[in-house]
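**Q**
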Amino acid sequence: MSSTIEVHIKRQKEAGKQPYWEKFRVPYQASMNVITILQEIQRNPVTTSGEKVAPVAWDCSCLEEVCGACTMVINGHVRQSCSALVDKLEQPIVLEPMRKFPVVRDLVVNRQRMFESLKKIQAWTAIDGTYDLGPAEKQAPQHQHELYLFARCMTCGCCVDACPQYTREGDFVGPAALGQAYLFNNNKSARFQAEERLNALMGEGGIQDCGNAQNCVRVCPKDIPLTRAIAKLNGATMAQFFKNLLFK
Amino acid sequence: MAQSRFIVVGGGLAGLMTVIKLAEAGNQVDLFSVVPVKRSHSVCAQGGINGAVNTKGEGDSPETHFYDTVKGGDFLAHQPFCKDMCYQGPAIIYLMDRMGVPFNRTNEGLLDFRRFGGTLYNRTAFAGATTGQQLLYALDEQVRRFEADGLVNKYERYEFLGVVKDSNGSCRGIVAVDMDTLEIKSFKADAVALATGGPGLVYGRSTNSMINTGSAASSVYQDGAKYANGEFIQIHPTAIPGTDKLRLMSESARGEGGRVWVPKQKGDSRPPRQISANERWYFLEEKYPRFGNLVPRDIAAQEIYNVCVNEGYGLGGGNMVYLDLTHIPREQLDKKLFGIMEIYEKFAGDDPRDVPMKIFPAVHYSMGGLWVDYERTPDGFLDRKSPRVHMTNIPGLYAVGEVDYQYHGANRLGANSLLSCLFGGMVTGPAMMEYVKNLNGASGDQPGSIYDDAESRWKDRFNQILAMDGEENPYRLHHEMGEQMIRTCTIVRFNKALSENEGYLNGLSDRWKKCSVLDTGITRNQSALFMNHLWNMIELAKVINKGALLRDECRGSHLKPDLKMEQPKDQNSPEYKEFLDKWHKQNDEWLKTTIAQWSDEGPQISYEPVDTSIIKPIPRRYD
Amino acid sequence: MSESNSAPFLLRRFQSLLGIIPVGAFFAEHAFTNGLAFFQGMEHWDEAVAFINGLPLLLFMEIFLIGVPIILHALIGIYIWIFCETNVQHYGYFRNWLYTLQRWTGIIAIVFIGYHVYKLRIEWHYTTDLHIVNSGYVAAYFHELWHVIFYFVGISAATFHFANGLWNFGVKWGITVGERAQVISCYICTAIGVAVYVFFMASLYAFTTA
Chain A
699 MSSTIEVHIK RQKEAGKQPY WEKFRVPYQA SMNVITILQE IQRNPVTTSG
749 EKVAPVAWDC SCLEEVCGAC TMVINGHVRQ SCSALVDKLE QPIVLEPMRK
799 FPVVRDLVVN RQRMFESLKK IQAWTAIDGT YDLGPAEKQA PQHQHELYLF
849 ARCMTCGCCV DACPQYTREG DFVGPAALGQ AYLFNNNKSA RFQAEERLNA
899 LMGEGGIQDC GNAQNCVRVC PKDIPLTRAI AKLNGATMAQ FFKNLLFK
Chain B
1054 MAQSRFIVVG GGLAGLMTVI KLAEAGNQVD LFSVVPVKRS HSVCAQGGIN
1104 GAVNTKGEGD SPETHFYDTV KGGDFLAHQP FCKDMCYQGP AIIYLMDRMG
1154 VPFNRTNEGL LDFRRFGGTL YNRTAFAGAT TGQQLLYALD EQVRRFEADG
1204 LVNKYERYEF LGVVKDSNGS CRGIVAVDMD TLEIKSFKAD AVALATGGPG
1254 LVYGRSTNSM INTGSAASSV YQDGAKYANG EFIQIHPTAI PGTDKLRLMS
1304 ESARGEGGRV WVPKQKGDSR PPRQISANER WYFLEEKYPR FGNLVPRDIA
1354 AQEIYNVCVN EGYGLGGGNM VYLDLTHIPR EQLDKKLFGI MEIYEKFAGD
1404 DPRDVPMKIF PAVHYSMGGL WVDYERTPDG FLDRKSPRVH MTNIPGLYAV
1454 GEVDYQYHGA NRLGANSLLS CLFGGMVTGP AMMEYVKNLN GASGDQPGSI
1504 YDDAESRWKD RFNQILAMDG EENPYRLHHE MGEQMIRTCT IVRFNKALSE
1554 NEGYLNGLSD RWKKCSVLDT GITRNQSALF MNHLWNMIEL AKVINKGALL
1604 RDECRGSHLK PDLKMEQPKD QNSPEYKEFL DKWHKQNDEW LKTTIAQWSD
1654 EGPQISYEPV DTSIIKPIPR RYD
Chain C
28 MSESNSAPFL LRRFQSLLGI IPVGAFFAEH AFTNGLAFFQ GMEHWDEAVA
78 FINGLPLLLF MEIFLIGVPI ILHALIGIYI WIFCETNVQH YGYFRNWLYT
128 LQRWTGIIAI VFIGYHVYKL RIEWHYTTDL HIVNSGYVAA YFHELWHVIF
178 YFVGISAATF HFANGLWNFG VKWGITVGER AQVISCYICT AIGVAVYVFF
228 MASLYAFTTA
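Chains as they are written, first to last, in my numbering: chain A, 699 to 946; chain B, 1054 to 1676; chain C, 28 to 237.
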């Protein structure tokens, strides 16, 4: 292992500006990750050609792959930079911002659209209030386990970034939101709004935009069985469609 | 009458619960956060949330929970806060259950509970090993619902800079900066809650998220708010060392049966599985037969430190011990601890189901924080009609969550932080409404000049920062400060080092002025924002350090080896009586809250009594 | 939100359905009929063509049960194709390849089918005095090597599009839900695709060598 790491970073000064590439070289440390590389650049923001530049901007928070903030494209693949260990990456390491979101600066993107999608599908339990109303219904441990798989979604955006159907200009809600729709449609009380969610999923940008490329399930850092949720929702929306047709 | 305006800064558990309480009552709330609130630091809480639901036939009760909490905090916590919190524990867990948190279940389908440190009861509800994440998501969803209904307005990627005060010194709003554009604006409010979390980044590397700079708390401290018990920094016994941060290995690992050990042979380099049971030193189990591996965090961290640093039993002679789960069936680990199994696998590269984890203590939580007020009822609960509950000494400014100080005393019990955040939010929202009800004149009636002045003060500050082009690199300065603080002000504290730190930290303030801002743009200029954080962190470091220097005793997480009083085992011995006398004397002098107030010459420290009227302090024992 | 417009959903599900019924069904039937040329000889193929041409309302059926559905399927398909951003260069997963190929084979199939229908269904009405097309005419057509190549490519693309579309249909209509179900249906669709392909290729071989 060489004692320095070379990293190529796609930078952009602000939205609408032309992206450009810069190369940096940082000292190697055992078990370092991409975050450490970017921190080293902050401490010494000089390119390989000796030019002093502004430190690279990127989002990060928890650094243990539960917050989803530090998602970026590393060596062509979208993933969290905290869990991208240098020892497991090919060099030079190439960092780019996520592809499907507007770039704010350098590696920082705006993922607001994902949160708006969660509003569209009413990703919540419509509780009556925060008063003391006793415990919820009993729940089979297996059921809890199934829901927990989907509840771990960090809205990090890996799935949508890798989805060929999710485009900057389009309005597809994307796999993450579909997974959440499935989660809430199976929650003991949020399922009472299941029909509204299914109807929302038949509108513009709804479930029909899924093209079964199934990249989502491959790139999800939390191994959420998104395609299973989508297939189940496909059946449920179909049934809802006929219900709407025949009973209303 | 104009509608009252509320601002909540911070979108973790405490902030969101405060927002929900306010919005639920029909109020308009502006919510500010440096990250989309779903990415707040609460996601890092792993093991669970305490509530004495007593589903295992153990006879647990809120009163016992209350006792464990107060004793765990070495009696420095304000008891009415703790009492009310512990009595609300079960209802809060049920509420989160109703919101859809996927808590683990028993075979009957009931909520499951597990053991945690500092108690002998199964009292901790959990959702895998990502409980904080699951609780946060549930609140995030509720707030999104209020947002869709138009009651909550989110300002995400906005950073709080300071409060706006009227001529009477009451809080009338905030100044915040849009992190993407560096635009600085003031926002009006009749009451403001800070739920901005802890200051872990003062230590550089800790278990905290990179957003936990304590900057907001430091800003209001420098603007006159009292900061309490700053020296009480919890060191979590078990974390994975790393170059960028120290990743938490939840106490639930021990709650589910994990055992801490080192080889009896110093420097034994064999793989752990080749070291037989009688060649292993399970030092916590040996020293604390009753609580074993589940002693409170302060004690576990101090013991691990002692075994490695003072006695030299650390793995390979270094600073690490084994946290061993390999005797527990894999399915059980996957069901109950999956989140942390995954973290260890991804970041350390080994499967903890097969190989014992290598861990060492790390800075984790601040028991101290902004001083807040309260009123109590005669039976020892909080007075829910009082606007003073959770209010700082700046009228109209509240603090809730890790940024407050009153629940955990000198040492927080595991799984009590999620509870204190949620409970804090549930009482802070209503207290803010009480305050606004009795407020003379709404923020809308205030002269515009107070907002313009505050705004221009901060604009000047940032213009000054943007013009800085000295030799020092702020990130390197921060790194250096962190390493220094870890060395001198964590598990063991010596007055000599602490008093040297005073000069060092003052020197940092000077060196800060010689920093280069590194980036002069306005679009997502992270280094300009960081320069402000760094200044604020240095100020908090001074508070932590000064409090630690002056507190000449050992209490909870605050350990001065030079002043340690050994507790004799035999409670009937004359030595014990002698110890007890000394202990009482120490309590008379030091069982009080440290209050730091900002001044030009550094923090001014004073002390305030603690309400210990319900549970009488005794020397803590866990053996 | 509950009053949401389900037109986008209907449009896409309709497209998916058209691909199976009637287009896919006709496609499979077409393969079977053509296969006769190889498996049973040209005279049987001519008989089958004669039989089909003897069906009542043939032109009506050809236009409305086959032509219009294909055109609709193609138009909606082009609309879908325009808005996707394929990325196999970054994510070379099996399913992503199939997804990408589904789009490209769709485009190839549109060109192929358009040309094919013109050449072997329409053109001879005006250029010959045949009442119905016969194997001799078709065989003569395939004396041109580039016709053979063009058909080889076109049939390959169309067959892939058909078989993979069948698999997609199962998922989109919520029939194959589980991961395992999707693997099994993939085998089944592959088998159907291979069978159709063998029939078409055999007939192409038969006409080319006749």
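Glycine included, every Cβ here is placed at the ideal spot set by N, Cα and C. Since we're looking at a predicted model, the values are computed, not measured.
#1: Please tell me whether I32/C has its Cβ less than 7 Å away from any Cβ of chain A.
#2: Determine the direct distance from the alpha carbon of P1133/B to that of D1436/B, and round the result to whole angstroms.
#3: Would you say R1383/B lies against chain A (beta-carbon separation less than 7 Å)?
#4: Can you list, in chain order, the residues of the segment 35-49 of chain C whose Cβ is nearer than 8 Å to any Cβ on chain A?
#5: What does Q837/A touch in chain B if you count any residue whose Cβ is under 8 Å from its own?
#6: Quick one, which residues of the segment 83-116 of chain C are near chain A if we go by CB-CB under 7 Å, in chain order?
#7: Which bits of chain A does A1144/B rub up against, with CB to CB less than 8 Å?
#8: Is the beta carbon of P1414/B less than 7 Å from the beta carbon of E1487/B?
#9: Is the Cβ of L1368/B closer than 7 Å to any Cβ of chain A?
#10: I need the DSSP call for I48/C, collapsed to helix, strand or coil.
#11: Please look up how many angstroms separate the CB atoms of E1116/B and Y1174/B, rounded, as I've assumed it's under 8 Å.
#12: Excluding sequence positions up to five away, which residues of its chain have a Cβ less than 7 Å from the Cβ of I733/A?
#13: Take I135/C as the anchor and find which of I149/C, A166/C, V180/C and I98/C has the nearest alpha-carbon.
#14: Compare the C-alpha of L1075/B against each of Q1195/B, C1568/B and S1329/B and name the closest.
#15: Quick check: the Cα distance between R130/C and S1496/B, rounded to an integer number of angstroms?
#16: Secondary structure at D1522/B, three-state DSSP: helix, strand or coil?
#17: Give me the Cβ distance between L1376/B and A1468/B, rounded to the nearest whole Å; I'm assuming they're in contact under 8 Å.
#18: Please report the straight-line C-alpha distance between L727/A and L1633/B, rounded to a whole angstrom.
#19: Near L157/C, what residues of its chain come up, given a Cβ to Cβ distance below 7 Å and the 5 sequence neighbours on each side ignored?
#20: Rounding to the nearest angstrom, what Cα-Cα distance links R1406/B and S1329/B in this structure?
#21: DSSP on D1113/B, reduced to helix/strand/coil?
#22: For I791/A, which residues from the same chain have a beta carbon less than 6 Å from its beta carbon, with the 5 sequence-adjacent residues on both sides left out?
#23: Below 6 Å, is the gap between the Cβ of I98/C and the nearest heavy atom of the ligand GTP?
#24: From P795/A to V771/A, what does the alpha carbon distance come to, in whole angstroms?
#25: Could you tell me whether the Cβ atoms of I735/A and V744/A are closer together than 7 Å?
#26: Report the residue from K1490/B, E1209/B, G1064/B and S1502/B whose alpha carbon sits nearest the alpha carbon of Q1056/B.
#27: Would I1518/B count as contacting chain A if we go by Cβ distances under 7 Å?
#28: Taking only three categories from DSSP, how would you classify M28/C?
#29: From Y718/A to G1257/B, what distance separates their C-alpha atoms?
#30: What is the C-beta distance between Y126/C and A911/A, in whole angstroms, given that I count them as a contact (C-beta under 8 Å)?
#31: Mind pulling the beta strand (DSSP E) runs of 3 or more residues that sit fully within the segment 1609-1656 of chain B?
#32: Measure the Cβ-Cβ separation of K1319/B and M1373/B and say whether it is below 7 Å.
#33: For Q1287/B, write down the residues that DSSP places opposite it in a beta bridge.
#34: Extract the residue ranges of the alpha helix (DSSP H) inside the segment 1144-1209 of chain B, only unbroken runs of 4 or more that lie entirely within it.
#35: Taking the CB atoms as reference points, tell me whether P1342/B and G1170/B lie closer together than 7 Å.
#36: Under 8 Å, with one C-beta from each stretch per pair, do the segment 1173-1188 of chain B and the segment 819-838 of chain A reach the 3-pair mark?
**A** In terms of the structure at hand:
#1: Reading off the sequence, residue 32/C comes out as Asn, not Ile. N32/C counts as touching chain A.
#2: 9 Å
#3: no
#4: P35, F36, L37, L38, R39 and R40
#5: R1158 and G1162
#6: F110, C111, E112, T113 and N114
#7: D830
#8: no
#9: no
#10: helix
#11: Not really, about 12 Å apart at Cβ, beyond 8 Å.
#12: C758, L761, C768, S779 and C780
#13: V180/C
#14: Q1195/B
#15: 59 Å
#16: strand
#17: Incorrect: roughly 18 Å between the Cβ atoms, too far for contact.
#18: Checking the displayed sequence, the identity of residue 727/A turns out to be Gln instead of Leu. Taking the straight line from one Cα to the other gives about 50 Å.
#19: W151 and Y164
#20: 18 Å
#21: coil
#22: V705
#23: This structure lacks the ligand GTP; in fact it carries no ligand of any kind.
#24: 6 Å
#25: no
#26: K1490/B
#27: no
#28: At M28/C the pLDDT is 39, less than 50, meaning the model places this residue with poor confidence and gives no usable figure here.
#29: 31 Å
#30: 4 Å
#31: 1645-1650
#32: no
#33: Y1418/B
#34: 1184-1201
#35: no
#36: no
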